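Comments concern the structure below.
2 protein chains.
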Amino acid sequence: MKDRLEPRLRILLGAAIAIGPGKAALLEAIAETGSIAAAGRRMGMSYRRAWVLVKSMNGCFRDRLVEASKGGSAGGGAELTEMGREVLRRYRAMEARAADAVVQEMQAFRDLLAEQPPDEEPDRD
Amino acid sequence: MKDRLEPRLRILLGAAIAIGPGKAALLEAIAETGSIAAAGRRMGMSYRRAWVLVKSMNGCFRDRLVEASKGGSAGGGAELTEMGREVLRRYRAMEARAADAVVQEMQAFRDLLAEQPPDEEPDRD
Numbered sequence: 474m475k476d477r478l479e480p481r482l483r484i485l486l487g488a489a490i491a492i493g494p495g496k497a498a499l500l501e502a503i504a505e506t507g508s509i510a511a512a513g514r515r516m517g518m519s520y521r522r523a524w525v526l527v528k529s530m531n532g533c534f535r536d537r538l539v540e541a542s543k544g545g546s547a548g549g550g551a552e553l554t555e556m557g558r559e560v561l562r563r564y565r566a567m568e569a570r571a572a573d574a575v576v577q578e579m580q581a582f583r584d585l586l587a588e589q590p591p592d593e594e595p596d597r598d
Numbered sequence: 474m475k476d477r478l479e480p481r482l483r484i485l486l487g488a489a490i491a492i493g494p495g496k497a498a499l500l501e502a503i504a505e506t507g508s509i510a511a512a513g514r515r516m517g518m519s520y521r522r523a524w525v526l527v528k529s530m531n532g533c534f535r536d537r538l539v540e541a542s543k544g545g546s547a548g549g550g551a552e553l554t555e556m557g558r559e560v561l562r563r564y565r566a567m568e569a570r571a572a573d574a575v576v577q578e579m580q581a582f583r584d585l586l587a588e589q590p591p592d593e594e595p596d597r598d
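Residue numbers (the numbering used here), protein chains in the order written: chain A, 474 to 598; chain B, 474 to 598.
Structure, rendered in structure tokens:
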């Protein structure tokens, strides 16, 4: 049975999550789809929910991370700003570095794990 | 406004989370309260929910992490096994090492953050 270590970084500004796993994935989806609605759909969230996350991210940094353009034949698209790309790049770099830092400890931790999980379970904690 | 980096490690065994932030906190609460029910209450979860998480953890490792004793005047308590203490100790050590690894990058990242968050928000991504 495959085991896996997932480092999930959250950067908090006060009580707000400036960026975390969900928001980083949303930024990537926006960069790839060119649309907040399409990015939200890909992640299984409503347009409204995706907008709330974008608005929150835009407000947590010195410049906005996502720029939405209204109108046009495509009905309005969205793209990452330079700041958005920079934040995403650095976030992923921190995540990779955090994972690298615990490779050896994870190797040792593996010995404590069972051969396979007990059974399918819905809990996500 | 205070910013903070929270590394949250998840160790997955197949699709199951062997241990993550919620389960680690539950282990600590069980160690402190000597009871799964009391630990669950402290974390705002039902007894049933706490039990599901304990059962899942117990099944993901070579030995169980929590031992529950039924009956007795206290109505049954619970405590961490040696394996439970070991898993918790190593999990916290990995978390600390992951955080240490990104201290410098976080320092630089700080310059990108706004002075304060946009406003109160319920989103937790």
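Ideal placement from N, C-alpha and C gives every residue a C-beta, glycine not left out.
Remember, it's a predicted structure, so these values are computed and weren't measured experimentally.
Cβ closer than 7 Å: which chain B residues qualify as neighbours of A:Leu477?
Correcting the residue type first, residue 477 of chain A is Arg in the shown sequence and not Leu. Among the residues of chain B, those whose CB is under 7 Å from the CB of A:Arg477 are Leu485, following chain order.
Could you check where the beta strand (DSSP E) with B:Ala551 kicks off and where it finishes?
Its beta strand (DSSP E) spans residues 550-553.
Tell me the rounded alpha-carbon separation between B:Met579 and B:Arg562.
Answer to the nearest angstrom: the Cα atoms are 25 Å apart.
Taking Cβ positions only, does B:Glu578 come closer than 8 Å to chain A?
At least one chain A Cβ lies under 8 Å of B:Glu578.
From B:Leu538, B:Met567, B:Glu588, pick the residue whose C-alpha is nearest to that of B:Glu501; which is it?
If we check each option's Cα against that of B:Glu501, B:Leu538 comes out closest.
Assess contact between the region 581-588 of chain B and the region 568-583 of chain A, defined as three or more Cβ pairs (one per stretch) separated by less than 8 Å. Is contact present?
The answer is no - the region 568-583 of chain A does not touch the region 581-588 of chain B, with fewer than three Cβ pairs under 8 Å.
Buried or exposed for B:Gly517, please, with buried defined as at least 16 other CB atoms from any protein chain shown within 10 angstroms of its CB.
Exposed, by the Cβ-count rule.
Under a Cβ-count criterion, where at least 16 other Cβ atoms within 10 Å of its own Cβ denotes burial, should A:Glu505 be classed as buried or exposed?
Flag for A:Glu505 reads exposed.
Note the first and the last residue of the continuous beta strand (DSSP E) segment covering A:Ala491.
First-last of the beta strand (DSSP E) with A:Ala491: 489-492.
Would a C-beta distance cut-off of 8 Å place A:Ala497 and A:Ile503 closer than the cut-off?
No. Outside cutoff.
Would you kindly check if the distance between the Cβ of A:Pro590 and the Cβ of B:Cys533 is under 8 Å?
B:Cys533 is a Cβ neighbour of A:Pro590, given a cutoff of 8 Å.
Residue range of the alpha helix (DSSP H) that A:Arg510 falls in?
Rather than Arg, the amino acid found at residue 510 of chain A in this sequence is Ala. A:Ala510 -> alpha helix (DSSP H) spans 509-515.
Through-space distance from A:Asn531 to B:Leu499, alpha-carbon basis
For B:Leu499 and A:Asn531, the distance between alpha carbons rounds to 34 Å.
Which residues does DSSP pair with A:Asp476 in a beta bridge?
In DSSP, A:Asp476 forms a bridge with B:Leu486.
Please report how far the alpha carbon of B:Leu526 lies from the alpha carbon of A:Ala489, in whole angstroms.
A:Ala489 has its alpha-carbon roughly 27 Å from the corresponding atom of B:Leu526.
Beta bridge counterpart(s) of B:Arg481 as assigned by DSSP
Paired residue(s): A:Arg481.
For B:Val575, the residue or residues it bridges with in DSSP:
When DSSP reads this structure, B:Val575 sits in no beta bridge, so it has no partner.
Integer Cβ distance of B:Tyr564 from B:Ile492, believed to fall under 8 Å
With 8 Å as the limit, B:Tyr564 and B:Ile492 qualify as a contact, their Cβ atoms being about 5 Å apart.
Is there a Cβ of chain A sitting closer than 8 Å to that of B:Glu505, yes or no?
At a cut-off of 8 Å between C-beta atoms, B:Glu505 does not count as an interface residue with respect to chain A.
Between which two residues does the beta strand (DSSP E) carrying B:Ser542 extend?
Boundaries of the beta strand (DSSP E) harbouring B:Ser542: 539-542, taken from the DSSP string.
How would you list, in chain order, the residues of chain B whose beta-carbon sits under 8 Å from the beta-carbon of A:Arg481?
What A:Arg481 touches in chain B: Pro480, Arg481, Leu482, Arg483.
As a quick exercise: from B:Arg558, B:Ala523, B:Glu568, pick the residue whose alpha carbon is nearest that of B:Leu482.
Nearest neighbour of B:Leu482 by Cα position, chosen from B:Arg558, B:Ala523, B:Glu568, turns out to be B:Glu568.
Across which residues does DSSP place B:Leu586 in a beta bridge pair?
DSSP lists A:Phe534 as the beta-bridge partner residues of B:Leu586.
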